[in-house]
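To start, the structure itself, in structure tokens.
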Amino acid sequence: RKEVEQDPGPFNVPEGATVAFNCTYSNSASQSFFWYRQDCRKEPKLLMSVYSSGNEDGRFTAQLNRASQYISLLIRDSKLSDSATYLCVVNIKGRVTGRRALTFGSGTRLQVQP
Amino acid sequence: DTGVSQNPRHKITKRGQNVTFRCDPISEHNRLYWYRQTLGQGPEFLTYFQNEAQLEKSRLLSDRFSAERPKGSFSTLEIQRTEQGDSAMYLCASSLVGLDSPLHFGNGTRLTVT
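So the protein sequences, as listed, match chains A and B. So in the working numbering, the last one in the first sequence is 652, and the numbering has no gaps at all. So in the working numbering, the last one in the second sequence is 246, and the numbering has no gaps at all.
Encoded structure:
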């Protein structure tokens, strides 16, 4: 089982739609969670951190469910410019020294259509 | 400071050759990470440093891979006796120390092994 798992998609949605992605993680002791956005042939860029109480940034809402070990990202009123791959990031205990390192999921591709 | 800088942007090499990549992090960032990304996958953790100390590395990192950060500033990633399977985008990122400190990525070095 992968340490951080995401549905690869693609999610094809019309403009204005609401879309949600989930990401599950294997390490119950993980403490840091993020969503990154990656455009084609570009480097990943931070979209938002995910806090225990949930947090919102404009049209984007992130939530954490520790009991079920998943985080979610909700995008409201989708824009064409939201088309990208969304990467879930969790700090996972490393297997060599046991120190934590930020581990990425394989990403969920979103395509917003006109 | 213009962000994380990686050199070269592209590297084409023949199988069996050694290659070295350089990363210059954001100046005030203590942590420096190396990731590898192939098409359709999320960034795969390779190793990270806090200042000059290499704190964790992936078990996937074979003996042919070595990374250094001798003065706690820039870092180099060397791949010896390259194989075709090493072809990928090599991403460097830096961050401050802290659980909620996000990663800031460079543009990456694209390696092609022929």
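Every residue, glycine too, gets a C-beta built ideally from N, C-alpha and C.
Coarse secondary structure for residue i, derived from DSSP in three states
{"i": "Ser619(A)", "result": "helix"}
{"i": "Gln216(B)", "result": "helix"}
{"i": "Glu543(A)", "result": "strand"}
{"i": "Glu210(B)", "result": "strand"}
{"i": "Ala555(A)", "result": "coil"}
{"i": "Asn565(A)", "result": "coil"}
{"i": "Val650(A)", "result": "strand"}
{"i": "Asn162(B)", "result": "coil"}
{"i": "Ser205(B)", "result": "coil"}
Min CB distance residue i to chain A below 9 angstroms
{"i": "His161(B)", "result": "no"}
{"i": "Ser198(B)", "result": "no"}
{"i": "Asp195(B)", "result": "no"}
{"i": "Gly148(B)", "result": "no"}
{"i": "Tyr180(B)", "result": "yes"}
For residue i, the residue or residues it bridges with in DSSP
{"i": "Val627(A)", "result": "Phe572(A), Phe642(A)"}
{"i": "Asp595(A)", "result": "Phe598(A)"}
{"i": "His236(B)", "result": "Ser226(B)"}
{"i": "Phe177(B)", "result": "Tyr167(B)"}
{"i": "Tyr608(A)", "result": "Thr562(A), Asn603(A)"}
Limits of the unbroken beta strand (DSSP E) element including residue i
{"i": "Leu243(B)", "result": "241-245"}
{"i": "Gln186(B)", "result": "185-189"}
{"i": "Cys155(B)", "result": "151-156"}
{"i": "Leu193(B)", "result": "Taken as a continuous stretch (DSSP letters only), Leu193(B) belongs to no beta strand (DSSP E), as it is neither H nor E."}
{"i": "Pro552(A)", "result": "549-552"}
{"i": "Lys580(A)", "result": "That residue, Lys580(A), is in no beta strand (DSSP E); it is neither H nor E in DSSP."}
Distance between residue j and residue i (C-alpha atoms, nearest Å)
{"i": "Tyr222(B)", "j": "Arg242(B)", "result": "6 angstroms"}
{"i": "Gly660(A)", "j": "Thr562(A)", "result": "Residue 660(A) is absent from the model: chain A starts at 539 and stops at 652."}
{"i": "Val151(B)", "j": "Gly240(B)", "result": "15 angstroms"}
{"i": "Arg604(A)", "j": "Asp218(B)", "result": "36 angstroms"}
{"i": "Tyr624(A)", "j": "Arg147(B)", "result": "33 angstroms"}
{"i": "Asp615(A)", "j": "Leu648(A)", "result": "13 angstroms"}
{"i": "Leu228(B)", "j": "Val557(A)", "result": "32 angstroms"}
{"i": "Ser194(B)", "j": "Pro652(A)", "result": "46 angstroms"}
{"i": "Ala555(A)", "j": "Val136(B)", "result": "35 angstroms"}
{"i": "Thr599(A)", "j": "Leu209(B)", "result": "37 angstroms"}
{"i": "Asn162(B)", "j": "Asn183(B)", "result": "5 angstroms"}
Cutoff 9 angstroms: residue i Cβ touching any chain B Cβ
{"i": "Val627(A)", "result": "yes"}
{"i": "Glu594(A)", "result": "no"}
{"i": "Gly547(A)", "result": "no"}
{"i": "Arg604(A)", "result": "no"}
{"i": "Thr562(A)", "result": "no"}
{"i": "Pro582(A)", "result": "yes"}
{"i": "Ser587(A)", "result": "yes"}
{"i": "Leu640(A)", "result": "yes"}
{"i": "Gln544(A)", "result": "yes"}
{"i": "Arg575(A)", "result": "no"}
{"i": "Arg539(A)", "result": "no"}
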